[in-house]
Amino acid sequence: MSKHVAAIIAIGQAIITNKEYLTELDREIGDADHGINMAKGFEAVIHKLSGLDEDKDVGFVLKTVAMTLISSVGGAAGPLYGTAILRAAVPAAGKFELDAMTVQAMWEAAITGIKERGKASRGEKTMLDALEPALEAFSVGIRDGKRLLDCLNLASMAAQNGVEYTKTIVATKGRASYLGERSLGHQDPGATSSFIMIKALLDFFRS
Ligand code: ADP
Ligand code: MG
Ligand code: MG
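Per this note's numbering, the sequence shown starts with residue 29, numbered consecutively.
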């Protein structure tokens, strides 16, 4: 199995491990299905990737992941993550190894995709509150000449802080926005799944 396929499987396994946790977070401010949705999607992804030829580049693999998520995950998060990954596939087309600059371009494209699709911005208690500060921290790492793995570590810490930050703000997008002020104090499930995925990627490349 190629390294990039193994990395995605590691992300999928982290989501599946956290299925109950993500679902419980969504029970508080949503409809108690985020973990179920995400685990279902990544089970389909793992199944799909296990049948994929060895010689596929990162762009092709990500396109496959995106299409699988879009077609297997209901709810808001499936199409949003699917769009993000589809966009990230573009700078990764034809590549078998990723450098920090390419990862930065992929991450930027992913966030642009989420914003276009979901019409949300940072501070609305969504996945963007983890993904955007994570990209910023990653970019600071690159600017300072750090290695890819160190940039990813900075990103993971920023995403974790972003998850904590979601507890302090009111949701204005997605299902949690129906609760208004009552969403305060609760952690956003989508920001949490984003952090889990970044952390899983870090752990995969660190091991
Ligand atoms: P649903 O809310 O349809 O049940 P999920 O529970 O799977 O879908 O996903 C909920 C998560 O999706 C939220 O926690 C939030 O992070 C994210 N989300 C919802 N709406 C948006 C949006 N417009 N833009 C970005 N992220 C969003
Ligand atoms: Mg939900
Ligand atoms: Mg739902």
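By construction, the Cβ of each residue, glycine as well, lies at the ideal position given by its N, Cα and C atoms.
None of the values given here were measured: they were computed from a predicted structure.
Just how far apart, CA to CA, sit residue i and residue j?
i, j, result
"V101", "E136", "23 Å"
"Y109", "R145", "10 Å"
"L50", "P217", "6 Å"
"I57", "A117", "32 Å"
"I113", "S149", "18 Å"
"S211", "Q188", "19 Å"
"G151", "Y193", "9 Å"
"I142", "D61", "20 Å"
"L230", "D157", "19 Å"
"S30", "D59", "37 Å"
"I39", "G69", "12 Å"
"K147", "A199", "13 Å"
"L207", "K91", "35 Å"
Between the options, which lies nearest to residue i when the distance is taken from Cα to Cα?
i, options, result
"E125", "K227, V33 and T220", "V33"
"N181", "V168, D61 and Y193", "V168"
"V86", "K123, P161 and S184", "K123"
"A204", "A42, A120, S222 and M155", "M155"
"D54", "E164, A104 and A133", "A104"
"P119", "A133, M225, T92 and G106", "A133"
"T45", "I224, F232, S235 and L97", "I224"
For a test of your reading of the model: does the CB of residue i fall under 7 Å from any non-hydrogen atom of ligand 1? Yes or no.
i, result
"A72", "no"
"A138", "no"
"M225", "no"
"T154", "yes"
"K47", "no"
"N181", "no"
"I142", "yes"
Return yes when at least one heavy atom of ligand 3 lies under 7 Å from the C-beta of residue i, else no.
i, result
"D59", "yes"
"G87", "no"
"G103", "yes"
Mind checking whether the beta-carbon of residue i lies closer than 7 Å to any heavy atom of ligand 2?
i, result
"R203", "yes"
"D216", "no"
"H62", "yes"
"D54", "yes"
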